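Undergrad: A single structure is presented below for examination.
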Amino acid sequence: MKRCLVIFALFAATTLLAQEKAIKPLDMPMSFSGTYGELRRNHFHGGVDWRVGGKIGDPIHVIKSGYICQVSVSVYGYGNGIYVKHNDGTMSVYGHMSAYTPKIAALVKKAQYEKKRYNVNLYFGPDDFPVKQGDIIGRVGSTGSSAGPHLHMEVRDSSNVPMNYISMGYYKPVDNMRPHIARVAFYSYDDCSPVANTFRVRNIPDPKNFSGEVNLPKESYVAIDAYDIQDGTTGKLAVEEYRVSLDDRMIFRFKVGNVGFDEGSDIKSLIEYRESYAGGRDMVKSVVDPGNSLSYKTDTLDGGLIILEDYERHTVRIEALDEHGNKAVVALPVRRDDTIQLPPADTSFNNTPVLWFTPNMVCGDGFKYLLAPGALYNSFNLRWKKTADADVQNGRLSPSWKIGDAWIPLKSSGMLIIDAEDIPAPLLSKAYIASLPGMGYAGPLSGARVGFGTYCIGVDTEGPRITVDKNNVIRVFDAFSGTESVDVEIDGKWHLSQNRGGRVTILDKGSISKGVHNLKITAIDVLGNETVWNKNVTF
Ligand SMILES: [Zn+2]
């Protein structure tokens, strides 16, 4: 009996804890500029972007009780981020903050000076920084990869998978508006599989107002650009579910659901990657590649292909649903047309068949490119050719090789080795595999892990260029392999600075007294070439 009571008490306690309802992180009306599951080229948006009224500095409240388990500072990504573990096993993450609480800020600064770098991660236990629901944990900002002030907030489950907490009922935004199907396009292909040599048969920019008939070859597929609209925000938000039917048979369905970090990058094979690569919006395609690990979130018939057996008029029906059940529909009449011609293949290329379920090796007479099993989403003919001879004067020590097409998505990079036997010994230690056209560092001579693209052997014997203007704004640029690190010293002591794409800002200005100080900047490129700039400057 006693044991029963204990169990009952434990049960009651856990349910009480689990029932703590999330509060809003901001003291302002709820409105979003981004939602969960938005297609972002190489990942799904794992959080919700809360609008903050365009200004920096408002307080951020923790949505449930728990403890701060991690603080991360980076020039990229979440910028100033904070992670709070809750009693129910979930974790909330807050990104792009402008400021931490003074206690956390002091710890961050201490760690930056100890490690002598700007980017740091700090981890804490349950007793270090416990927080109560509603406590202020920082201030709204726009640090890291952010285009303007907003709060990126995620909620992750106990397995660290970001959850769609809006559709799970954490908050109830007003959404009575249907998604918008902005564009659809039909594609066919002239290869063994619909990934290489795809070509667009028909583009329909405003499908809702389309009149007429779409002529298609016997086999094709469709890609959809759709976004959700919510009351009171101009954001192009996430569509939760896509459906495609041919007459009354559903041939494709994709529901985003919760996406783990390990599977999120397979979005590249879910979208018509070639359109995205060319700078277009991400469009969900109806055909499903066999190597796509998100395929369990799809239902298909005939692999998502539109197969027209006869020459009658048929209907392709496209639906986009948001997380609140609002639905947009377009229906397009289609008819088979056997006169549709595929564009002729470019015969200047060599072709090597590659298969998605095996390891593959592509061998030219000056390079080897190896793909591990599982590197490809689909099988196709990989095309390659020599695009230029070596040009030592311009730093290209080997011929340039175009290997595959950068608009074909890869699940993981291949290993590229370029023959280096003709390279003079003194240059060997400063040679690297370069990606064209910019000659950026792709990897060491012994083998570079690279995707499809054009490569040659480059050489870098010069350190980065450092310039400092009269306002002490520092710029660092490396013409070849790229800048690896920049360190600032003031009067001989390491000082906190931040390098954002070559623009280096001296931080922690409060600790520098007004007057003349010795400023020393050391920049090192990827191949270890070093440049030092050293002068007395006035602060
Ligand atoms: Zn975000």
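Under the working numbering, the first residue of the sequence shown is numbered -17, with each subsequent residue one higher. Where a beta carbon is used, it is the ideal one built from N, C-alpha and C, also for glycine. Note that this is a predicted model, so its numbers are computed, not measured.
1. In three-state terms, what does DSSP make of residue 284?
2. Report the rounded CA-to-CA distance for residue 457 versus residue 489, giving the unit in angstroms.
3. Using DSSP's beta-bridge definition, name the partner residues of residue 530.
4. Could you check what DSSP says for residue 502 in three-state terms: helix, strand or coil?
5. Could you check if residue 16 belongs to the surroundings of ligand 1, using beta carbon to heavy atom distance under 7 Å?
6. Can you list, in chain order, the residues of its chain with a C-beta nearer than 6 Å to that of residue 421? Leave out the 5 residues immediately preceding and following it.
7. With respect to 7 Å, is the separation between the Cβ of residue 31 and the closest non-hydrogen atom of ligand 1 below this value?
8. What separation, rounded to the nearest whole angstrom, lies between the Cα atoms of residue 206 and residue 38?
9. Would you decide whether residue 498 is buried or exposed? Buried here means 16 or more other CB atoms lie within 10 Å of its CB.
10. Taking 8 Å as the cut-off, decide whether the C-beta atoms of residue 113 and residue 50 are in contact.
11. Regarding residue 306 and ligand 1, is the C-beta to nearest heavy atom distance less than 7 Å?
12. Starting from residue 23, follow its DSSP beta bridges and name the residues at the other end.
13. Enumerate, from N- to C-terminal direction, the unbroken beta strand (DSSP E) stretches of 3 or more residues contained entirely within the stretch 378 to 464.
14. State the DSSP-derived secondary structure class of residue 376, mapped to helix, strand or coil.
15. State the Cα-Cα distance for the pair residue 466 and residue 416, rounded to the nearest angstrom.
16. Can you determine whether any heavy atom of ligand 1 sits closer than 7 Å to the C-beta of residue 27, and answer yes or no?
17. For residue 195, collect the residues of the same chain with a Cβ closer than 8 Å to its Cβ; drop the 5 residues on either side in sequence, then sort them by chain order.
18. Is DSSP giving residue -16 helix, strand or coil here?
19. How is residue 211 classed by DSSP in three states: helix, strand or coil?
20. Would you mind working out which of 55, 468 and 495 sits nearest residue 506, comparing C-alpha positions?
21. Can you name the start and end residues of the beta strand (DSSP E) that residue 244 belongs to?
22. Give me whichever residues DSSP pairs with residue 519 in a beta bridge.
TA: According to the data block:
1. Here residue 284 is taken as the residue at index 302 of the sequence shown, counted from 1. In the structure shown, residue 284 sits in a helix (DSSP, three-state: H, G or I).
2. Position 475 of the sequence shown, counting from 1, holds the residue named residue 457. Position 507 of the sequence shown, counting from 1, holds the residue named residue 489. Going by C-alpha positions, residue 457 is about 15 Å away from residue 489.
3. The question about residue 530 has no answer here: the residues shown for the chain are numbered -17 through 521.
4. The sequence position of residue 502 within the sequence shown is 520, counting from 1. Here residue 502 sits in strand by DSSP.
5. Indexing the sequence shown from 1 puts residue 16 at position 34. Under cutoff, so the answer is yes.
6. To locate residue 421, count along the sequence shown from 1; it is residue 439. These residues qualify, in order along the chain: 440 and 462.
7. For the purposes of this step, residue 31 is taken as the residue at position 49 of the sequence shown. At least one heavy atom of ligand 1 is nearer than 7 Å to the Cβ of residue 31, so yes.
8. The residue given as residue 206 occupies position 224 in the sequence shown. The residue given as residue 38 occupies position 56 in the sequence shown. Rounded to the nearest angstrom, the gap between the Cα atoms of residue 206 and residue 38 is 36 Å.
9. Indexing the sequence shown from 1 puts residue 498 at position 516. The residue is exposed, with fewer than 16 neighbouring Cβ atoms inside 10 Å.
10. On the sequence shown, residue 113 is found 131 positions in, with the first residue counted as 1. On the sequence shown, residue 50 is found 68 positions in, with the first residue counted as 1. Yes, the Cβ-Cβ distance between residue 113 and residue 50 is below 8 Å.
11. Numbered from its first residue, the sequence shown carries residue 306 at position 324. No, Cβ of residue 306 sits at least 7 Å from all heavy atoms of ligand 1.
12. Residue 23 sits at position 41 when you count from the first residue of the sequence shown. Its beta-bridge partners do not exist; DSSP assigns none.
13. 382 to 385, 396 to 400, 413 to 417, 422 to 426, 430 to 432, 435 to 441, 447 to 450 and 456 to 459
14. Start at 1 with the first residue of the sequence shown, and residue 376 comes out as number 394. Reduced to three states, the DSSP call for residue 376 is helix.
15. As a first step, residue 466 is located in the sequence shown; it is residue number 484 there, counting from the start. As a first step, residue 416 is located in the sequence shown; it is residue number 434 there, counting from the start. Distance between the alpha carbons of residue 466 and residue 416: 15 Å.
16. Against the sequence shown, residue 27 aligns to sequence position 45. The answer is yes for residue 27.
17. Locating residue 195 in the sequence shown gives position 213, counting from the first residue. Within the same chain, residue 195 has close Cβ partners 295, 315, 316 and 317.
18. Here the question's residue -16 lines up with position 2 in the sequence shown. Note that residue -16 has pLDDT 48, beneath the 50 cutoff, so the model's placement of it is unreliable and the number below is only indicative. Three-state DSSP puts residue -16 in a helix.
19. For the purposes of this step, residue 211 is taken as residue 229 along the sequence shown, with counting starting at 1. Residue 211: coil per DSSP, three-state reduction.
20. On the sequence shown, position 524 is the one that residue 506 refers to. For the residues 55, 468 and 495, the minimum Cα distance to residue 506 belongs to 468.
21. On the sequence shown, residue 244 is found 262 positions in, with the first residue counted as 1. Per DSSP, residue 244 lies in no beta strand (DSSP E) segment; the continuous alpha helix (DSSP H) that holds it begins and ends at 243 to 246.
22. Position 537 of the sequence shown holds residue 519. Residue 519 pairs with 499.
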